[in-house]
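First up is the structure itself, then whatever we jot down about it.
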Amino acid sequence: MGELSDLRVAVAGLGPMGRGIARVFAQAGAAVVIVDADAETTAAGHAKLLEEADSPIDVTTAASVGDAVREADLFVEAIVEKFEAKQALLAQVRAAGNTGLVVASNTSSLSIGELGRAYGDPSRVVGMHFFNPPTKMRLVEIIRGARTAPDIVERARAWVAGLGKTAVLCADSPNFIVNRVCRPLYYESQLLVTQGVAPAVIDAAVKGALGHRMGPLELLDFTGLHTHLGSSETALREFGDPRYRPIPLTRQLVRAGTTGRAAGRGYYDYSAGKPREAQSAVVRRPAGPEEVTVYRTNTCTPSDVAALRELEGRVALDSSHGGWVEHLPAGVGWVRLHRGGEGLFAEVVADEVAGIEPAYDIADALGAASVPVLALPGLVVDRLGWTMINEASTLVEEQIATAEDIDLALRLGMNHPAGPLERLAEAGPAEVLAGLRGLLECFGDPRYRPAQLLVRQAAGAAR
Ligand code: NAI
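Okay, so the sequence shown: first residue is 931 according to this note's numbering, each after it adds one.
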C-alpha cells in the first residue's frame, strides 16, 4: 500500500508527461484512470505506460474524460499545450458534475487563472507542474492562481509529498520559478557567443565553476532553439519588459534550421562529436600547484596597480570586473578563480596588453583547470551567475516565490549544486550589485537592471 492509497486520480493526455504522472500516482498507491483524445490513442497510451513501468501497475482506462473524473478526487490534465484544447477539455470535466474535484494542470506556460475561468470555478483549479521525466524528477511546482482556494493548494502539496516528491509554491506568473530564473542563463550564454566566446568554452566554464551538469548552450541544443525562441517571445509579450527579448543569433539559427541536437546542428555540430568532447578540448588541466600570489580585487584603480607592482613573483588578479582593463600592468595575469566541484577552476583572460600567457602560467601554477575567455565584464561565470541571482531576487521582490523555494527548485529542477539566493549570500549583495551595474554601464541594456531588493540588501549590508 502506498502513501496515496485513498486517492482516486484521473489523468488526461498520454504523452510522455501524462504517462509519467499516471505512473507516479499509481506507484504511490492511488487508483488511476487515464484517458486520451479518443479510444485508439487511449489504448495506445495505456499499452505504452504498462510497457514503461518497471514494476506491474494497475491503471484503468476511461471511454471519455467525463467518465474518468466522475468518481475522482483529483484530475490532472497533461494534454497539448494549447489554450483552446485545454478550455474545451475543462468544459467537459465541469459538465461531469463532480463538485468535489480538484483540477490540476501540468501546463508550462498558460495562466492558471485563465484555466480556472475556463473550468468555471477558479477556486478549484491549481497548477501542478511536473518536470520531465516525472518518474525521475523530484520537483513539482505548485501554482496558485489568483482565485485558487488555499485548501486546494494545501491538498495539492500534500499529494506531492505523498508521491515522495518536493513541492515548491509559486504565484501564477509566466515561466513559474525554474524556467524564469534560468532565462538569463540562456540569454547571456548566447550573447557571449555573439560577443566572440566559443560555445564549448562557455559550457565548460559553467560546468567547471558552477557545477551544472549540462552547459546552457548544450541544454538549449537539447531542448531545441525553436522552443527557446517561442518561450522568449512569450516572456517578452507577457512581461512587456525588453530584458526578455530574444537574442538575434537564436532567430538566425532557427531560420537556418540549425535548431539543436535533433536537427544535427545548433550551437554544436553533432556530426563532429559530442558537446562533452568539444568542452574537454578547451579545458587546460595542469599537473599540480606551486607558489603564486593571488591579489583579489573588485576594482583596479591606478593605486591598486601600484600595489601590484610592489609584489614579488608571479601575481594574479582574481577578479571578473571589466572596468579596469586599461590598468592591467604588463606581466600580471588576469584570472578569475572559482572553487568548483572538482577543485579550483579558472577563467583566464586574454588581455590586450598582457596577452594570455601570464594568466595561463598562473592558473597552471595554482593547479587550476582553466578555460580562455575574453575581457568582457563579469567574464563568463559571474555574468551568468549575477544575472540569475538578479532574476531570482526579482521573483522574491514580486512575491512570486520565497527564497527557500527558489533555491530548492533550482537544486531539484536543474540539479544545480546551489540555488541562486544561496549564491547571493555567499558572494554578498554588494558584489553582485556592483557586477550588475558594471554590465549595465558597459552594455546599457535593461537586462542588467538590478532588482530593487538587491539594492536595498546591498545598502543594508553596508550599514
Ligand atoms: P504531448 O503533446 O507529447 O502529448 C499530449 C497528449 O495529449 C497526446 O497524447 C494527445 O493525444 C493528448 N491529447 C490532446 N488533446 C486531448 C484531449 N482533448 N483529451 C485528451 N487527450 C488529449 O505533450 P507532453 O510533452 O506530454 O506535455 C503535456 C503537457 O505537459 C503540456 O501542457 C506541456 O506544456 C506540459 N509539460 C511538458 C513538459 C515536457 O518536457 N514535455 C514538462 C512540463 C510540462
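Note that CB positions come from ideal geometry on N, CA and C, so glycine has one too.
DSSP, reduced to helix, strand and coil, places residue 1223 within a strand of the structure shown. A residue is called buried once 16 or more other Cβ atoms fall within 10 Å of its Cβ, and residue 1391, having fewer, is exposed.
For secondary structure counted as the beta strand (DSSP E) over 3 or more consecutive residues, the segment 1037-1079 holds these complete runs in sequence order: 1055-1060, 1069-1074. Going by beta carbons, residue 1118 and residue 1313 fall inside the 8 Å limit.
The segment 1087-1094 makes no contact with the segment 1320-1327, as fewer than three CB pairs between them are under 8 Å. The beta carbon of residue 1129 lies closer than 7 Å to those of 1123, 1147, 1197, 1198 in the same chain, with the five residues before and after it left out. By the beta-carbon neighbour count (other beta carbons within 10 angstroms, threshold 16), residue 1029 is exposed. Not one heavy atom of ligand 1 lies closer than 7 Å to the C-beta of residue 1109.
Annotation for residue 964: the continuous beta strand (DSSP E) segment containing it runs 961-965. Annotation for residue 1316: 1308, 1362, 1365, 1366 place their beta carbon closer than 7 Å to its own, counting only its chain and skipping 5 residues before and after. From the listed residues 1184, 1135, 1183, 1280, the smallest Cα separation to residue 1273 is found for 1135. Between the segment 935-950 and the segment 1061-1080, the count of Cβ pairs shorter than 8 Å is three or higher; the stretches touch.
Secondary structure at residue 1181: helix, using DSSP grouped into helix, strand and coil. CA-CA distance, residue 1045 to residue 1055, rounds to 7 Å. The beta carbon of residue 1184 is closer than 8 Å to those of 1155, 1156, 1159 in its chain, skipping five residues each way along the sequence. In its chain, beyond the 5 residues on either side, 1275 have a beta carbon closer than 8 Å to the beta carbon of residue 1269. Taking all protein chains in view, the Cβ of residue 942 is crowded by 16 or more other Cβ atoms within 10 Å, so the residue is classified as buried. With fewer than three CB-CB distances shorter than 8 Å, the segment 1025-1040 does not count as touching the segment 959-968. In terms of side-chain proximity, the C-beta atom of residue 1036 is found nearer than 7 Å to a non-hydrogen atom of ligand 1.
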